[in-house]
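Engineer:
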Amino acid sequence: MSLSAVLVLLILFSGCTLGPDYQRPDLDIPVLYREDAPWKKATPADEAPKGPWWTAYGDPILDDLQDRTAQANQDIKAAVARLDQARATARIEESDLWPRIDLNPAAQRRRTPADLSALGSGDTRTTLSLPFDLGYEVDLWGRVRRSVEAATEEARATAADLENLRLTLHAEVARNYFALRALDSEIELLKRTVELRRQNLRLVESLFLNGEVGRLDVARAETELATAQADVAGLNRDRAQIEHALAVLTGEAVSNFELAESPLDITPPAPSPGLPSQLLERRPDVAAAERRLISANARIGLAHTAFFPDIRLTGSAGFGSDELSSLFSWDNRLWAFGPAVSLPIFTAGRNRAGLEQARAAYEEEIARYRQTLLNAFREVEDSLSDLRILAEQAEMQQLAVIASKDAAQLSNKRYRAGLVSYLEVVDSERTALSSQRIATRIMGQRLQASVSLIKALGGDWSKK
19 MSLSAVLVLL
29 ILFSGCTLGP
39 DYQRPDLDIP
49 VLYREDAPWK
59 KATPADEAPK
69 GPWWTAYGDP
79 ILDDLQDRTA
89 QANQDIKAAV
99 ARLDQARATA
109 RIEESDLWPR
119 IDLNPAAQRR
129 RTPADLSALG
139 SGDTRTTLSL
149 PFDLGYEVDL
159 WGRVRRSVEA
169 ATEEARATAA
179 DLENLRLTLH
189 AEVARNYFAL
199 RALDSEIELL
209 KRTVELRRQN
219 LRLVESLFLN
229 GEVGRLDVAR
239 AETELATAQA
249 DVAGLNRDRA
259 QIEHALAVLT
269 GEAVSNFELA
279 ESPLDITPPA
289 PSPGLPSQLL
299 ERRPDVAAAE
309 RRLISANARI
319 GLAHTAFFPD
329 IRLTGSAGFG
339 SDELSSLFSW
349 DNRLWAFGPA
359 VSLPIFTAGR
369 NRAGLEQARA
379 AYEEEIARYR
389 QTLLNAFREV
399 EDSLSDLRIL
409 AEQAEMQQLA
419 VIASKDAAQL
429 SNKRYRAGLV
439 SYLEVVDSER
449 TALSSQRIAT
459 RIMGQRLQAS
469 VSLIKALGGD
479 WSKK
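Sequential numbering from 19 applies to the sequence shown in this note's numbering.
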């Protein structure tokens, strides 16, 4: 058989690819969630648009913080660089699908000793060559294609990692922002309480000067005022720490970042009663886990190819001469072309171990993929139950706020009438303040739970 016939056969058979084709593993996923919503089994789809989900809260300050995070967060910039690296690696692997052509010009001057010269005398000469060298791996077993597939899926997984980081950071900004605003509401409540405590202290001091109450009532009023002032200072400390966290998330120096106090005045957006299961498919961490599973599957095929011959086509064509003036003469052309085969004979179990390693790595990625899905469903369940329970808790707490305020007002009237001691006033006002603070915290928790649900669903739940 001629060389040309062999080459034609190699090219015809180069479409063969060893190793298993990827199939999504069977997953024990519930058809419905425990919480009351029409869910069904989901399939990851990382291409779905995420959207600026935070705009559902209608807060321009939050919108601005999210924009600054997207533009200046350093973790996002690092993740973008990692994605660029992964895509470049995939392009490097893709380059092996094509022949490589190099130009290797050379010039050499040498002297041949007389004893080695055919002419019987020493000879000095110059040799010039200008060859184009060609190299091409015949991908008979799919080694190159499997390498490209593995690198491409790894790049897609890295892209999903970037989207997951963005989603996580935007959710963190929203949660911190709502925690900050909840503290602002609590601080405003305590500041009003401080003013009321001052008024109470002035009243008790007036009654004391008139001989209507004892020194103990004055001491108790002073204690309540100081306690309220200390609580304000403690909340300001907590607020500063959250503000610092927001500064880092938005990529700004803490010393240059400041948000003016603004009490919480946002209602959590209610989940649609017909949430489609496709929303869970948007989660980028699920997509990343599956992309890495596909990549690991491709590496099994790559490991299979190590058992088969490596076939390369090499060639060279150009010109060579002793004189520059005649270098490009047609008579001075040179060429060489032919296949090179490398067949593994004895590797001391290296190739077998490589295949076992690839299979074990695939099993690891299956476990990671399944665990990622289980975590995703758990997070959705947690967020849905949090929203439901917190809504019920907020309703009950509002009743407690109303009742405790009425009790505090009644205690103050009874105290001024001389019917009860100041201790009863202190106790009722503490209860009223505690009820209002708890109600404020619950509102902040409801907003944070809504953010957690959006994150668990992989983005804006209003997108179909």
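Virtual Cβ for every residue (Gly too), placed ideally from N, Cα, C.
Values in this document were obtained by computation on a predicted structure and should not be read as measured data.
Going by C-alpha distance, which of I329, R370, L471 and S347 is nearest K398?
Structural biologist: Here residue 398 turns out to be Val, not Lys, going by the sequence shown. Here the closest residue by C-alpha is L471.
Engineer: What does the alpha-carbon distance come out to for the pair E374 and S313?
Structural biologist: E374 and S313: Cα-Cα distance of roughly 16 Å.
Engineer: Below 6 Å CB to CB, which residues in the same chain sit around R118 once its five sequence neighbours on both sides are set aside?
Structural biologist: Excluding residues within five positions, the ones whose Cβ falls inside 6 Å are G153.
Engineer: Secondary structure at D114, three-state DSSP: helix, strand or coil?
Structural biologist: Coil, per DSSP.
Engineer: Nearest-angstrom Cα distance between P70 and E447?
Structural biologist: Distance between the alpha carbons of P70 and E447: 43 Å.
Engineer: CB-CB under 6 Å to R455, same chain, minus the five flanking residues each way: which ones, in chain order?
Structural biologist: The residues are E204.
Engineer: Using only the alpha-carbon positions, how far apart do V272 and R301 sit?
Structural biologist: C-alpha separation (whole angstroms): 31 Å.
Engineer: Mind the definition here: the segment 302 to 312 touches the segment 381 to 398 only if three or more C-beta pairs lie below 8 Å; say whether that holds.
Structural biologist: Touching, per the Cβ criterion.
Engineer: Quick check on DSSP: helix, strand or coil for F150?
Structural biologist: Residue state, collapsed to three classes: strand.
Engineer: Which residue's Cα is closest to the Cα of I110: E383, R464 and A173?
Structural biologist: Ranking E383, R464 and A173 by Cα distance to I110 puts A173 first.
Engineer: Do the segment 184 to 201 and the segment 343 to 359 make contact, defined as three or more Cβ pairs closer than 8 Å?
Structural biologist: With the cut-off at 8 Å, the segment 184 to 201 and the segment 343 to 359 do not touch.
Engineer: What residue from T365, V166 and T285 has the CA that sits closest to L320's CA?
Structural biologist: Checked all of T365, V166 and T285; the closest Cα to L320 is V166.
Engineer: Nearest to S360 by alpha carbon, out of S422, A175 and L158?
Structural biologist: The option with the nearest alpha carbon to S360 is L158.
Engineer: Measure the alpha-carbon distance for A200 versus A385 and round it to whole angstroms.
Structural biologist: Near 40 Å, if we compare the C-alpha coordinates of A385 and A200.
Engineer: For A178, which residues from the same chain have a beta carbon less than 8 Å from its beta carbon, with the 5 sequence-adjacent residues on both sides left out?
Structural biologist: Only D64, P302, D303, A305, A306 and R309 meet the Cβ criterion.
Engineer: Can you tell me the Cα-Cα spacing of L225 and L243, whole angstroms?
Structural biologist: Whole-angstrom Cα-Cα distance: 17 Å.
Engineer: So, at 8 Å on beta carbons, what are the nonlocal neighbours of N91 in its own chain, with the 5 sequence-adjacent residues on each side left out?
Structural biologist: The residues are L187, L267, T268 and G269.
Engineer: If you draw a straight line from the C-alpha of G477 to the C-alpha of T245, how long is it?
Structural biologist: Spanning the two alpha carbons is a distance of roughly 43 Å.
Engineer: If I measure Cβ to Cβ from D151 and keep anything under 6 Å in the same chain, skipping five residues before and after, which residues do I get?
Structural biologist: The residues are D120, N122 and S334.
Engineer: Below 7 Å between beta carbons: does that hold for A457 and K423?
Structural biologist: Result no, Cβ atoms of A457 and K423 do not sit closer than 7 Å.
Engineer: Alpha carbon to alpha carbon, how far is D141 from F337? Give it in angstroms, no decimals.
Structural biologist: Going from the Cα of F337 to the Cα of D141 covers about 22 Å.
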